[in-house]
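Here the structure is laid out as structure tokens; the discussion comes afterwards.
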Amino acid sequence: MGSPCQIHVMGEKKTELDEFAEECRQQALGFEKKYSRYRSDSILTKINRSAGKKPTKIDAETFALLNYAQVCYEQSKGFFDITSGVLRNLWNAETVKFPSERDLEEHLNKIGFSKLRFNDKEAFLPINGMELDFGGIVKEYAADALAATARKRNISFGLINLGGDIAIIGPKADGAPWQFGIAHPVIKGRTIATIQLSNGSLTTSGGYERFVEIEGERYSHLLNPKTGVPFKSILSASVIADQAIVAGSITSIALLNEETDGLDWLESCNLPYLAIKKNLECIGSLARNE
Amino acid sequence: MKKINPLVALTGAALALPAIAADQPTSAKLSFLSSTYHEKDIKNSTILSGAGKRYDIEKNQFRLVTPLGENWSGDLYVSQEAMSGASPWGTFDGADDESSLIMSGATIRDKRTQVNLSGRKYNEDSSYGFTLTRSKEDDYSAKGFGVSGEWDLNNKLSTVSAGFSFSDDEIKPVDALKFGRIEKGKKQTRSFAAGWTQIINQNSILFTGISHTVKQGLLSDPYKLRDTRPSKKAEWTLSFKYRQYFENRNAALHADYRLYNDDFGVTSHTAGIAWKKSIGDKLKIAPRFRYYSQSEADFYAFGDNYSLAKTEAQSSDHRLSGFGSTTTGVQISYELGKWSMKMSFDRYSSKNSLGHAESEKEHPALLDFTLWSAGFDLEI
Amino acid sequence: MKLLIIKLCFVASFFTSGCSSVEPWERGNLAKPEMQISGDAVDDLLLEQVFYSKEAASGGIGAAGGGCGCN
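Residue numbers (this note's numbering), protein chains in the order written: chain A, 3 to 292; chain B, 167 to 546; chain C, 6 to 76.
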């Protein structure tokens with residue numbers, strides 16, 4: 003999945019933990035095989051290649067993920083859109099100037115979750131060149147799935163960390179909570195806050211990790227699917243929820259908004275959160291412990 | 167689209183994902199409820215003979231529901247109650263309006279134990295269950311079983327359910343020889359039910375159900391001095407149960423209605439309403455109100471006519487008279503981690519005049535009672 | 006009894022054809038415990054048995070049946 007994945011588990015029998023680690027690896031690879039847009043045999047690639055041509059058969063899990071993506075789309079007023087990936091062609095590491103009106107328009111025509119037709123049996127992108135990207139969803143879902151596997155195997159201490167999306171299996175073996183440092187958005191290698199957690203999930207989204215600099219101005223990789231232009235959002239959002247997938251989409255949506263709207267969104271979700279504003283001010287119920 | 171809380175929407179969608187759905191804590195639940203039931207005493211002036219003290223019941227209920235493997239759940243229910251008091255043996259229709267009641271002479275004491283054991287298998291779009299029931303008291307024992315199925319349709323927007331149950335009961339009246347009562351009687355009950363549950367929109371759901379029950383055997387009350395009922399009875403019900411959620415009030419409205427009819431000639435209406443309000447995350451308060459009304463049975467007689475042949479159907483049982491009742495109550499629960507503490511109070515009042523088809527005279531045995539309950543649920 | 010059955014079928018067909026679809030992700034409120042058709046089983050059984058001993062009408066509580074074993 004293109005990100006470092008870590009599994010910390012504690013138990014008494016090494017063989018059991020080894021077996022679990024192997025099952026996790028298989029399960030994570032399974033998700034990658036199924037949903038990666040970099041693999042030619044993934045279901046996602048099949049849907050994308052059939053765009054404008056024919057519907058693709060999907061299974062119950064893919065249907066449930068599309069359902070989930072639809073809720074994100076609706077709840078975010080259309081800003082969280084898994085069809086917005088095509089904008090990456092305009093905004094990437096090689097981008098040196100602001101995209102032209104024509105380029106933007108051409109790409110925006112291929113975006114819009116509401117254009118996707120799907121039911122529990124098949125999915126269809128009606129316009130050639132449209133693309134689905136489960137980037138903001140599947141990694142978090144995989145973290146939840148791996149944590150569930152651990153619990154099924156009666157592993158009670160540990161955590162799953164898939165590229166920063168953390169699903170807790172249980173506290174450390176001595177009962178102590180796990181401690182997470184939230185990266186400082188400007189100073190590399192420094193943390194700006196510490197969060198303690200013994201259950202649930204923690205995810206962080208930050209626009210600072212991957213950004214484009216054009217004529218001295220920084221643009222984040224979080225793009226407005228309606229205009230094709232990056233948001234001037236908060237720098238980072240961290241949320242604790244029962245499921246990593248829920249925490250992950252809430253933090254993503256927080257950054258897919260202008261700063262004040264993103265903060266309002268976090269507030270409306272009634273979950274513990276930490277947001278770092280553009281002026282580096284930390285706010286939210288998790289902001290207290292420095 | 168109606169605005170719903172983002173966390174609720176996202177969590178709901180996340181729980182539909184297979185790997186997350188399978189991980190939901192299917193923990194066992196233990197419930198305990200202890201109740202005190204107290205009937206208001208009968209006015210002494212209406213009693214011709216016997217004791218005026220009506221029933222008091224102490225009841226303890228225990229239930230354990232637990233997952234068994236991946237697709238099964240098991241359910242054990244045990245209840246025990248201790249009753250004491252006197253019950254009406256008959257009525258004497260006096261010349262004046264103040265009718266008279268003949269009560270059982272001494273206080274009756276009895277204990278009843280009931281055990282239900284159920285299992286249910288869950289499939290993707292259906293579930294099937296069975297129940298075994300056993301009930302025992304000094305003079306009465308019942309054995310029964312039930313089977314039922316549920317099937318989801320239209321993307322789980324609708325659920326169809328059907329069930330059948332059977333009960334085999336035996337009554338051995340105490341002091342049968344002393345009072346010339348029947349020594350032993352049997353009763354069999356067969357019941358069919360079918361229902362349709364429909365999701366109407368994001369916040370409301372409706373259940374519609376019908377049932378048909380046939381009882382055969384000794385349906386008369388052997389303790390009454392003169393009580394003869396047909397040995398077969400057929401009953402029908404039509405029920406509606408409606409649930410509506412009010413997002414801005416954080417509350418759910420329950421509205422139930424049941425139409426009942428049997429071939430003894432009784433027609434009844436039951437309407438219930440409850441408002442299940444959450445205050446914060448932990449506290450729930452649910453005021454409830456129930457109205458009941460029935461018409462009298464064809465062979466209901468206000469005063470026992472001892473000159474009528476014993477084969478002729480006749481009963482002065484107040485439960486077969488035309489009357490109505492109201493029940494007003496409230497249930498409060500408070501959650502403390504894995505514990506949920508519950509308390510409820512209900513007050514029942516019955517009157518001839520509350521009914522939609524009242525009997526000519528108010529039966530003196532129509533009663534009022536109060537019911538207090540306290541208990542807990544525990545997730546284990 | 007004929008009347009009752011006809012009424013049920015009417016209600017049933019009315020809802021299958023006339024209802025707008027409620028998607029799985031929109032059923033958060035319906036999943037709440039206070040929105041269930043059958044509520045707290047222990048509490049329901051208590052009241053059911055109390056009313057059974059006072060009133061002529063009974064049944065129609067749920068489709069599952071099973072019998073209350075009361076008299």
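By construction, the Cβ of each residue, glycine as well, lies at the ideal position given by its N, Cα and C atoms. Being a predicted model, the structure only gives us computed values, none of them experimental.
Item	Value
Min CB distance Ile186 of chain B to chain A below 7 Å	yes
Chain B contacts from the region 72-86 of chain A (Cβ-Cβ distance under 9 Å)	Gln72, Val73, Cys74, Glu76, Gln77, Ser78
Simplified DSSP state of Ser499 of chain B, which is helix, strand or coil	strand
Residue-chain proximity (Leu51 of chain C, chain B), Cβ-Cβ < 7 Å	yes
Contacting residues, own chain, Cβ-Cβ under 6 Å from His484 of chain B (five flanking each side not counted)	His529, Ala531, Leu532
Segment limits, alpha helix (DSSP H) that includes Phe33 of chain A	16-37
Simplified DSSP assignment, three categories, for Ser266 of chain B	strand
Proximal chain C residues relative to Ser197 of chain B, where beta-carbon distance stays under 7 Å	Val47
Opposing strand residues paired with Arg119 of chain A [DSSP bridges]	A:Phe126
Terminal residues of the alpha helix (DSSP H) in which Asn69 of chain A lies	62-77
Cβ pair Pro232 of chain A, Ser200 of chain A closer than 7 Å	no
Same chain, Cβ closer than 7 Å to Asp291 of chain B, neighbours up to 5 away in sequence not counted	Trp317, Asp318
Proximity to Gly183 of chain A [Cα-Cα], best of A:Ile170, A:Ile197, A:Ile255	A:Ile197
Contacts of Ser270 of chain A in chain B (Cβ-Cβ under 7 Å)	Pro172
Other residues of its chain near Lys59 of chain A: CB distance less than 7 Å, five sequence neighbours each side excluded	Lys123, Glu124
Contact with chain B by Val248 of chain A, beta-carbon distance below 7 Å	yes
Proximal residues to Ser397 of chain B (C-beta, below 8 Å), its chain only, five neighbours per side dropped	Gln382, Gly383, Leu384, Leu385
Residues bridged to Met509 of chain B [DSSP beta-bridge criterion]	B:Ile498, B:Ala540
Test: Ala297 of chain A CB closer than 7 Å to a CB of chain B	No statement about residue 297 of chain A is possible, as the shown extent of chain A runs from 3 to 292 and does not include it.
Neighbouring residues, chain E, relative to Thr232 of chain B (Cβ below 9 Å)	Absence of chain E from the displayed structure is noted, the protein chains being A, B and C.
Listed by chain order, chain B residues near Ile20 of chain A by CB distance under 7 Å	Looking at the sequence provided, one finds Asp at residue 20 of chain A rather than Ile. Correct list: empty, because the minimum Cβ distance to chain B is about 22 Å.
Listed by chain order, chain C residues near Thr363 of chain B by CB distance under 7 Å	Ile42
Chain-ordered chain C contacts of Ile371 of chain B [CB-CB under 8 Å]	Leu35, Met40, Ile42
Spatial distance of Ser63 of chain C from Tyr472 of chain B (CA atoms)	30 Å
Limits of the unbroken alpha helix (DSSP H) element including Pro184 of chain B	184-187
Best match in A:Glu24, A:Arg39, A:Ile171 for proximity to Ile139 of chain A [C-alpha to C-alpha]	A:Arg39
CB of Ser284 of chain B within 7 Å of CB of Asp241 of chain B, strictly	yes
Alpha-carbon spacing of Ala2 of chain A relative to Ile255 of chain A, whole angstroms	There is simply no residue 2 of chain A to check, as chain A begins at 3 and stops at 292 in what is shown.
Pair within 7 Å by beta-carbon distance, Pro227 of chain A and Ile129 of chain A	no
Residues in the region 51-64 of chain A having any Cβ partner in chain B nearer than 8 Å	Ala62, Glu63
Neighbour flag for Lys7 of chain C against chain B, beta carbons, 7 Å	Bear in mind that a pLDDT of 31 at Lys7 of chain C, under 50, signals an unreliable position, so the model cannot answer this.
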